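Asker:
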Amino acid sequence: MSLMRSPNLFLILVLFIFSICGSGCSSQDPSGTVNTTVIEFLEAVNAGNKDLAFSMYQGKDFLVPASIEMSFKNKKFSPGGLQEVVITSEGHTDNVAVATAECTVAKLDDDGNEIERTLLPVYFKLQDTEIGWIIIRVTFSAPLELSEDGLVSIEVPKTPIDPITENAVPISIFSVMLFGTGIYLNQKEKQKHNNSSRTVDTSNAASIPKESLVQFIRIVPSQQVVAGGKTTIGVWVKNFSQQPYEKFAVKARFPNTVDIKELSLFFGSIAAGQTVKQSWTFVPKMQGWLGVEEPTIVFEYLGTKYAGTLDTVWVPVQ
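So, in structure tokens, the structure goes:
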């Protein structure tokens with residue numbers, strides 16, 4: 001049995017290698033997180049999720065979410081057109097980073113058919129803040145200098161639910177691999193098959209805003225989703241607090257253009273510092289944009305029940 005045919009075993013081995021290398025060679029090098037932040041920003045633009053892209057940005061290039069969409073469309077980068085992203089250069093200090101992303105962008109007709117492809121370089125500058133690496137400059141003209149010019153000040157307001165999100169940073173796939181425990185992840189994945197008869201109950205729950213939820217929850221669709229083929233959308237949860245999350249569950253509404261058996265994911269208890277993942281598995285029936293609507297999160301923390309809803313997740317189906 002090859003490692004590529006057993007992705008869970010491969011993930012465990014990768015995490016094991018990280019652990020024996022020690023934190024000195026992995027956690028202190030921000031290049032992976034910087035690159036992932038850039039790629040996730042571009043994927044949000046490609047998905048037409050300008051609000052998500054804007055949440056990763058602090059600066060003067062884009063004053064409102066719509067300006068991101070407009071700027072990229074002016075460069076013939078429209079939602080659904082991104083074919084490939086390659087980080088061709090990256091440099092960083094302790095708190096500043098610059099990166100160049102070469103984007104292969106397809107021009108599509110009204111039916112979603114590809115007309116032509118172009119190569120679009122996008123230049124980024126990022127800053128390490130209390131909430132993690134954020135993008136502070138985006139330009140299409142020339143590479144940006146690795147300097148502390150134009151740094152921003154981020155104020156994190158205190159809220160009644162700060163114990164839940166204190167010390168949290170936005171989760172990336174790279175950070176999930178570093179923080180997670182492979183064996184525990186596999187156990188959580190297997191548990192979901194026993195939960196098909198359960199329901200997610202939001203009654204009598206205190207509301208938690210999506211701005212807090214996105215700090216420790218990330219919903220990640222698979223790449224290259226094809227009509228008629230089985231695919232997944234992963235839900236990653238990182239408990240940054242000092243106490244466990246109890247009865248953690250996630251549900252969402254899927255359109256009738258997909259075949260799916262389980263709409264709800266049940267994580268159970270998530271220990272302090274633990275990262276876990278579960279996935280929706282489904283088969284899209286047709287091409288186009290697939291909307292996973294009202295992703296709703298419910299859990300208990302320190303005896304209080306919380307519930308909140310994230311924005312619709314848009315998935316391009318080829």
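First residue of the sequence shown? That's 1 in full-length UniProt numbering, and the numbers climb one at a time after it.
In this text, a Cβ means the ideal position worked out from N, Cα and C, and glycines have one as well.
All values reported here derive from a predicted model rather than from experimental measurement.
(1) Pull the bridge partners of residue 293 from the DSSP assignment, please.
(2) Let me see if you follow: with CB-CB separation under 8 Å, is residue 253 close to chain D or not?
(3) Just to confirm my understanding: we take residue 315, look at its own chain, exclude 5 residues before and 5 after, and list those with CB closer than 6 Å. What are they?
(4) Taking the DSSP output, what are the residues bridged to residue 121?
(5) When you compare only the Cα positions, how much space is there between residue 32 and residue 269?
(6) With burial defined as no fewer than 16 other Cβ atoms inside 10 Å of the residue's Cβ, what is the status of residue 40: buried or exposed?
(7) Cα-Cα, which of 284, 105, 121 and 34 is closest to residue 114?
(8) Kindly identify the DSSP beta-bridge partner or partners of residue 272.
(9) Skipping 5 residues on each side, what residues in its chain have a beta carbon closer than 8 Å to that of residue 142?
(10) Return yes when the Cβ of residue 213 is within less than 8 Å of the Cβ of residue 308, no when it is not.
(11) Under the three-state reduction of DSSP, which class applies to residue 86: helix, strand or coil?
(12) Count the C-beta pairs between the region 63 to 76 and the region 84 to 97 that are closer than 8 Å, then say yes if the count reaches three, no if not.
(13) How many angstroms separate the CA atom of residue 255 from the CA atom of residue 43?
(14) In the DSSP assignment, find the unbroken beta strand (DSSP E) run with residue 232 in it and report its ends.
(15) Go ahead and label residue 275 buried or exposed: buried means 16 or more other beta carbons lie within 10 angstroms of its beta carbon, across all protein chains shown.
(16) Give me, in chain order, the residues of the same chain whose beta-carbon lies closer than 8 Å to that of residue 286; leave out the 5 immediate sequence neighbours on both sides.
(17) For residue 303, count neighbouring C-beta atoms within 10 Å of its own C-beta (all shown protein chains included) and say buried if the count is 16 or more, exposed if not.
(18) Leaving out five residues on either side along the sequence, give the residues of the same chain with a beta carbon under 6 Å from the beta carbon of residue 230.
(19) For residue 44, which of helix, strand or coil comes out of DSSP?
(20) Hey, residue 233 and residue 313: beta-carbon distance below 8 Å or not?
(21) Name the DSSP bridge partner or partners of residue 107?
(22) Give the C-beta separation of residue 249 and residue 298 to the nearest angstrom, bearing in mind that I take them to be a contact with Cβ-Cβ under 8 Å.
(23) Helix, strand or coil for residue 213, going by three-state DSSP, please let me know.
(24) List the endpoints of the continuous alpha helix (DSSP H) containing residue 65.
(25) Helix, strand or coil for residue 208 per DSSP?
(26) Does the distance from the C-beta atom of residue 53 to that of residue 68 stay below 8 Å?
(27) Which two residues bound the contiguous alpha helix (DSSP H) that contains residue 51?
(28) Can you tell which of 279, 272, 273 and 260 has its C-alpha closest to the C-alpha of residue 266?
(29) Candidates 146, 136 and 85: which alpha carbon is nearest residue 120's?
(30) Measuring straight from C-alpha to C-alpha, what distance separates residue 103 and residue 83?
(31) Take residue 117 as the anchor and find which of 128, 150 and 77 has the nearest alpha-carbon.
(32) Quick check on DSSP: helix, strand or coil for residue 315?
Answerer: Let me lay it out:
(1) 253
(2) Among the chains of the structure shown, chain D does not appear; only one protein chain is present.
(3) 221, 225 and 290
(4) 102
(5) 29 Å
(6) Sixteen is the threshold: when 16 or more other Cβ atoms of the shown chains lie within 10 Å of the Cβ of residue 40, as they do, the residue is buried.
(7) 105
(8) In DSSP, residue 272 forms no bridge with anything.
(9) 123
(10) With contacts defined by Cβ atoms closer than 8 Å, residue 308 and residue 213 form a contacting pair.
(11) strand
(12) no
(13) 22 Å
(14) 231 to 238
(15) Burial check for residue 275: the Cβ neighbour count within 10 Å reaches 16 or more, so the residue is buried.
(16) Excluding positions up to five away in sequence, the list reads 227, 257 and 317.
(17) Here residue 303 is exposed. Its C-beta has fewer than 16 other C-beta atoms within 10 Å.
(18) 283
(19) helix
(20) yes
(21) 116
(22) 5 Å
(23) Judged by DSSP in its simplified three-state form, residue 213 adopts helix.
(24) 65 to 74
(25) coil
(26) yes
(27) 50 to 55
(28) 279
(29) 85
(30) 7 Å
(31) Per the C-alpha coordinates, the member of 128, 150 and 77 positioned closest to residue 117 is 77.
(32) Of the three classes helix, strand and coil, the one that applies to residue 315 here is strand, per DSSP.
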